[in-house]
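Read top to bottom, the protein sequences are chains C and R.
For the first sequence, the numbering used here gives the first residue as 1, with consecutive numbering after it.
For the second sequence, the numbering used here gives the first residue as 256, with consecutive numbering after it.
Built from N, CA and C at the ideal position, the CB exists for glycine as well.
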Amino acid sequence: MVTSPALRVNGLRKAYGDVVAVAGLDFEVGSGECFGLLGPNGAGKTTTLEICEGLLAADSGTVEVLGRTWDSAPDELRELLGIQLQETQLSEKLTVDETLTLFQSFYRNARSLSEVIDVVELGEKRSARVGALSGGQKQRLAVACALVGNPQILFLDEPTTGLDPQSRRQMWDLVSQFQADGKTIVLTTHYMEEAERLCDRVAIVDHGRVIAEGTPNALIDAVDLTHLPPPEPRKTHATLEDVFVSLTGRTLRDE
Amino acid sequence: MREPDAVFWTFVFPIILAAGLGLAFRQRGPDRAHVGVIAEHSSPLTESLSGDSSIIVQSLGDSAGALALRTGKVALLVMPTAKPDSVRYVYDPARSDAVTARLLVDRALQAGAGRTNPVRTTDSFVTEAGSRYIDFLVPGLLGMNLMGASIWGLGFAIVTARSKKLLKRLMATPMSRAQYLLSFLISRLVFLVFEVITLLGFGHYVFGVPLRGSLITLALIAIVSAVSFGGLGLLTASRAKTIEAAQGIMNFVMMPMWILSGVFFSAANFPDAIQPVIRLLPLTAVNDALRANMLEGASLAAVSPQLLIIAAWGVLTFFAALKLFRWR
Chain C
1 MVTSPALRVN
11 GLRKAYGDVV
21 AVAGLDFEVG
31 SGECFGLLGP
41 NGAGKTTTLE
51 ICEGLLAADS
61 GTVEVLGRTW
71 DSAPDELREL
81 LGIQLQETQL
91 SEKLTVDETL
101 TLFQSFYRNA
111 RSLSEVIDVV
121 ELGEKRSARV
131 GALSGGQKQR
141 LAVACALVGN
151 PQILFLDEPT
161 TGLDPQSRRQ
171 MWDLVSQFQA
181 DGKTIVLTTH
191 YMEEAERLCD
201 RVAIVDHGRV
211 IAEGTPNALI
221 DAVDLTHLPP
231 PEPRKTHATL
241 EDVFVSLTGR
251 TLRDE
Chain R
256 MREPDAVFWT
266 FVFPIILAAG
276 LGLAFRQRGP
286 DRAHVGVIAE
296 HSSPLTESLS
306 GDSSIIVQSL
316 GDSAGALALR
326 TGKVALLVMP
336 TAKPDSVRYV
346 YDPARSDAVT
356 ARLLVDRALQ
366 AGAGRTNPVR
376 TTDSFVTEAG
386 SRYIDFLVPG
396 LLGMNLMGAS
406 IWGLGFAIVT
416 ARSKKLLKRL
426 MATPMSRAQY
436 LLSFLISRLV
446 FLVFEVITLL
456 GFGHYVFGVP
466 LRGSLITLAL
476 IAIVSAVSFG
486 GLGLLTASRA
496 KTIEAAQGIM
506 NFVMMPMWIL
516 SGVFFSAANF
526 PDAIQPVIRL
536 LPLTAVNDAL
546 RANMLEGASL
556 AAVSPQLLII
566 AAWGVLTFFA
576 ALKLFRWR
């Protein structure tokens with residue numbers, strides 16, 4: 001669909017000892033697209049993202065980001081990427097401004113602090129310590145750290161997990177704004193509503209493989225309502241949640 | 256300054272320690288020998304001994320005397336024997352105060368019995384700042400503080416960043432890794448200035464600990480030591496994923512040096528066989544260099560062997576740390 005994809009992943013494999021996290025994964029993300037990786041806990045989403053971000057080395061397979069590979073142009077790629085990790089805790093003793101100034105200093109082509117702070121709506125918290133921020137504010141600061149380098153592609157790993165509905169909607173606005181500038185987003189999420197609203201295309205990942213891929217609507221249309229496990233069959237139209245459950249099953253997954 | 260606890264441990268703690276130990280080992284009058292005499296009441300023996308100002312004498316029964324000797328309340332027991340004009344000394348020859356007590360008591364008894372000294376002697380007394388325990392202690396505390404601050408300071412900061420995945424997040428930016436590690440060393444050096452000035456200022460103005468050597472050499476020793484221990488700090492923090500693991504490694508690294516490297520007592524007390532090992536420990540070299548500079552006024556050239564050892568540790572540990580460092 002797009003001539004030069006922003007991200008191309010081919011035959012990606014990664015194992016931790018005996019545990020195979022990613023077992024031959026392929027997908028492509030077009031330039032300017034918002035792409036969602038969906039999947040149960042332990043499906044290999046985070047591992048996939050970290051390989052794309054250059055934080056992990058794959059056992060085999062290729063990753064091409066903005067036409068470059070991590071082997072050939074790692075420094076260039078780090079300038080072009082904005083990332084938010086699931087578990088990062090920023091230094092609690094630093095203020096919002098100090099944290100952003102620190103991250104800004106790493107990039108050659110950085111955006112101005114006040115601009116980024118406006119985007120994430122942390123204007124009133126500029127001199128507050130990170131430790132004093134709420135969960136939603138911390139998450140927006142993490143995204144601000146990703147945005148301050150003026151990236152071409154943004155990787156968000158479960159950006160709204162654990163946030164209240166208001167903070168979640170604020171995060172969605174952020175993502176939409178970034179995409180409106182013509183830039184690319186790759187995100188993982190557990191929330192089907194989020195994927196339906198934000199993502200142009202999604203891939204459902206389970207056991208380290210892509211088991212379904214397409215636009216949210218196409219995937220929804222493909223669901224056979226009569227084959228849904230009870231009590232869902234009574235519904236008149238499917239949601240992406242139904243797609244997800246019918247593909248990955250109803251059993252609980254522990255990490 | 257945003258961590259009040261850290262300020263306490265780096266600044267206030269060494270001073271409290273120096274003050275406490277300085278008071279405990281402060282200059283007292285000349286030591287007096289505590290001596291027990293086995294006698295029911297005062298006897299001619301006790302009377303002739305109590306005339307000597309350097310002896311404190313008490314009369315004790317047989318069993319009380321034995322107990323007092325065993326518990327160190329007296330250093331020497333004097334026992335009259337069956338024969339007239341003869342006594343027996345009971346003491347532990349390994350205790351220097353007991354040996355001293357024996358000499359003092361013997362001198363008093365013999366003089367009381369009429370011995371004359373054929374040689375006339377006079378004493379003149381000197382109390383020199385620089386030979387007291389506090390003078391020995393302050394450079395040792397400074398060395399210990401240089402080591403602890405570098406290893407704890409760097410180790411905890413880095414392992415915390417790693418355990419909070421901050422290190423990983425930073426790795427995804429174009430940040431230079433070498434600059435990141437260097438920034439820790441530089442911040443160490445900034446704090447070093449305050450730490451050294453506080454501890455030395457306290458020792459110098461409160462206890463009169465001498466600063467006989469060149470202050471520039473002293474500053475150089477402190478800087479080289481802090482950077483070198485910084486390398487050791489990086490090495491201790493290079494793999495650990497949790498604060499608990501890091502703490503274990505740090506104690507494992509520092510504990511032998513607290514004991515062996517002459518912080519509280521001279522490293523010369525250890526057997527000759529392990530002296531070469533002790534001499535090669537970085538903290539021994541730091542303490543020796545600090546003491547030589549402060550107490551003996553040694554020149555830069557005189558402490559260069561120690562500086563060489565310290566620098567070698569710094570270079571070795573820094574490169575080992577770079578090799579082993581886990582960025583995730």
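(message) Can you tell me which residues form a DSSP beta bridge with ARG13 of chain C?
(response) C:ALA23, C:SER60
(request) Measuring only between beta-carbons, confirm whether GLY54 of chain C sits less than 8 angstroms from chain R. (result) yes
(request) Taking THR428 of chain R as the query, report the chain C residues whose CB atoms sit under 8 angstroms from its CB, ordered along the chain. (result) ARG78, PHE103, PHE106, TYR107, GLY149
(message) Per DSSP, what are the beta-bridge partners of ILE311 of chain R in this structure?
(response) R:HIS289
(request) Select from C:PRO74, C:SER127, C:ASN109 the residue whose C-alpha is nearest the C-alpha of LYS93 of chain C. (result) C:SER127
(request) Note down the Cα distance separating ALA319 of chain R from SER298 of chain R, rounded to an integer number of angstroms. (result) 17 angstroms
(request) Kindly indicate which three-state DSSP category GLN84 of chain C falls into: helix, strand or coil? (result) strand
(message) For a cutoff of 8 angstroms on Cβ pairs, would you count ILE220 of chain C as touching chain R?
(response) no
(message) Which residue wins for smallest C-alpha separation from MET426 of chain R, given the options C:LEU85, C:GLU193, C:ALA21?
(response) C:LEU85
(message) What does the alpha-carbon distance come out to for the pair VAL329 of chain R and TYR346 of chain R?
(response) 9 angstroms
(request) For the alpha helix (DSSP H) holding TYR344 of chain R, just list the boundary residues, first then last. (result) Premise fails: TYR344 of chain R lies in the beta strand (DSSP E), 342-345, not in any alpha helix (DSSP H).
(request) Mind listing, in chain order, the continuous beta strand (DSSP E) runs of no fewer than 3 residues lying wholly within the segment 138-162 of chain C? (result) 153-157
(message) List, in chain order, every chain R residue whose beta-carbon is nearer than 7 angstroms to that of ASP75 of chain C.
(response) PRO429
(message) Report the CB separation of VAL205 of chain C from ALA57 of chain C in whole angstroms; it is logged as a contact under 8 angstroms.
(response) So it is not a contact: roughly 20 angstroms between Cβ atoms.
(message) Three or more C-beta pairs under 8 angstroms: does that hold for the segment 454-461 of chain R against the segment 171-191 of chain C?
(response) no
(message) Which complete alpha helix (DSSP H) runs does the segment 326-381 of chain R hold, if anything under 4 residues is left out?
(response) 351-367
(message) Would LEU515 of chain R pass as an interface residue toward chain C - the criterion being a Cβ-Cβ separation below 8 angstroms?
(response) no
(message) Give me the subset of the segment 164-179 of chain C whose CB atoms are less than 9 angstroms from a CB atom of chain R, sorted by chain position.
(response) none
(message) Please report whether the beta-carbon of LEU322 of chain R lies at a distance below 8 angstroms from any beta-carbon of chain C.
(response) no
(message) The beta strand (DSSP E) that contains ASP221 of chain C, what's its start and end?
(response) No beta strand (DSSP E) contains ASP221 of chain C, which is instead part of the alpha helix (DSSP H) from 216-222.
(request) In the DSSP assignment, find the beta strand (DSSP E) that holds ARG201 of chain C and state where it starts and stops. (result) 201-206
(message) Output needed in chain order: residues of the segment 397-424 of chain R with a Cβ under 7 angstroms from some Cβ in chain C.
(response) LYS419, LYS420, LEU421, LYS423, ARG424
(request) State yes or no: is the beta carbon of ILE83 of chain C nearer than 8 angstroms to at least one beta carbon in chain R? (result) yes
(message) Closer than 7 angstroms between beta carbons: that is the criterion. Which residues of the segment 3-14 of chain C meet it against chain R?
(response) none
(message) Within the continuous beta strand (DSSP E) that includes VAL35 of chain C, where are the two ends?
(response) According to the sequence displayed, residue 35 of chain C carries Phe and not Val. Run containing PHE35 of chain C: 34-38, per the beta strand (DSSP E) assignment.
(request) State the Cα-Cα distance for the pair LEU113 of chain C and THR248 of chain C, rounded to the nearest angstrom. (result) 42 angstroms
(message) Can you check which of these residues, R:ALA363, R:ILE270, R:PRO339, is closest to VAL288 of chain R by C-alpha distance?
(response) The sequence shown places Ala at residue 288 of chain R, rather than the Val named in the question. Nearest of R:ALA363, R:ILE270, R:PRO339 to ALA288 of chain R, Cα basis: R:ALA363.
(message) Please report the distance separating the alpha-carbon of ASP204 of chain R from that of GLN530 of chain R.
(response) Absent from the model: residue 204 of chain R. The displayed extent of chain R is 256 to 583, so no value can be given.
(request) Could you check if GLU499 of chain R is buried or exposed, using at least 16 other CB atoms within 10 Å of its CB as the buried criterion? (result) exposed
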